[in-house]
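Asks:
Numbering (the numbering used here), first residue to last: 10 to 213.
1. With burial defined as no fewer than 16 other Cβ atoms inside 10 Å of the residue's Cβ, what is the status of residue 196: buried or exposed?
2. Does the beta carbon of residue 92 fall short of 7 Å from some heavy atom of the ligand GTP?
3. Would you report the Cα separation of residue 123 and residue 157, rounded to the nearest angstrom?
4. Does the Cβ of residue 110 have 16 or more other Cβ atoms within 10 Å, making it buried, or fewer, making it exposed?
5. Between residue 53 and residue 64, is the Cβ-Cβ spacing less than 8 Å?
6. Hey, which unbroken runs of the beta strand (DSSP E) at 3 residues or more fall wholly within the region 139-163?
7. Between the Cα of residue 187 and the Cα atoms of 169, 175, 207 and 163, which residue gives the shortest distance?
8. Evaluate contact between the region 176-193 and the region 67-80, counting only Cβ atoms and requiring at least three cross-stretch pairs below 8 Å.
9. Going by DSSP, what residue range makes up the beta strand (DSSP E) through residue 170?
10. Determine whether the beta carbon atoms of residue 8 and residue 146 lie at a separation below 8 Å.
11. May I have the straight-line CA-CA distance separating residue 92 from residue 102, to the nearest angstrom?
12. Where does residue 119 fall in DSSP's three states?
13. Have a look at the DSSP bridge pairing and note the partners of residue 51.
14. Using CA coordinates, which residue listed in 86, 114 and 96 is at the minimum distance from residue 105?
15. Tell me which residues share the same chain as residue 206 and place their Cβ nearer than 6 Å to its Cβ, disregarding the 5 neighbours each side in the sequence.
16. Between residue 90 and residue 199, what straight-line distance do the alpha-carbon atoms span, to the nearest angstrom?
17. If residue 121 sits next to residue 128, beta carbons under 8 Å apart, how far is it from one beta carbon to the other, in whole angstroms?
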């Protein structure tokens, strides 16, 4: 405006949100894995209350908007199968017996490898089904990848350090998919505190 003609011009520094270097050239950072158009099995793993089901619900709704009718939705937790509340057609094991649930998950993954299908699987808070299956099949992740179905491990977490427990357990068990996302859920942070500080210990 005319009344602001005498104000000094200040350059806006957007380097923190618009880096001028490609990710491939940044030390310690690898390029994103592009799985566009490839069969995927997306698994949300973590403690209770970190946003797993909310995240998967968003992913599934976007997939349905794209008319991705081949996507299989599954909820595995023997007790809390919340994803089925939003998607009544979500697959789930009939039994609540841990051994039978693990066997059901193995059959689902085998079917995906045979049909080159995609799935989104919700594991309840503290659920050990995937860990039990990895204990039986330590090379589960590379086996899926070799079959052309890429495992995608999503680990949402709040600022609680204990939220790292599922990640540590799965990594030690050998489940280390190339596509692994560690998601800091700011919605679970204290809104009265600085977000960076809330997750500072988690990042360390």
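Every residue, glycine too, gets a C-beta built ideally from N, C-alpha and C.
Replies: On the basis of the coordinates in this document:
1. exposed
2. The ligand GTP is absent from the structure shown, which contains no ligands of any kind.
3. 10 Å
4. Taking a 10 Å sphere around the C-beta of residue 110, we find 16 or more other C-beta atoms and assign the residue as buried.
5. yes
6. none
7. 163
8. no
9. Counting along the chain, residue 170 falls outside any beta strand (DSSP E), and DSSP gives it neither H nor E.
10. The first residue shown for the chain is 10 and the last is 213, placing residue 8 beyond what the model contains.
11. So the alpha carbons of these two residues sit roughly 13 Å apart.
12. helix
13. According to DSSP, residue pairing for residue 51 in a beta bridge involves 129 and 161.
14. 86
15. Counting only Cβ-Cβ distances below 6 Å, and skipping sequence neighbours, we find nothing.
16. Near 27 Å, if we compare the C-alpha coordinates of residue 199 and residue 90.
17. 6 Å
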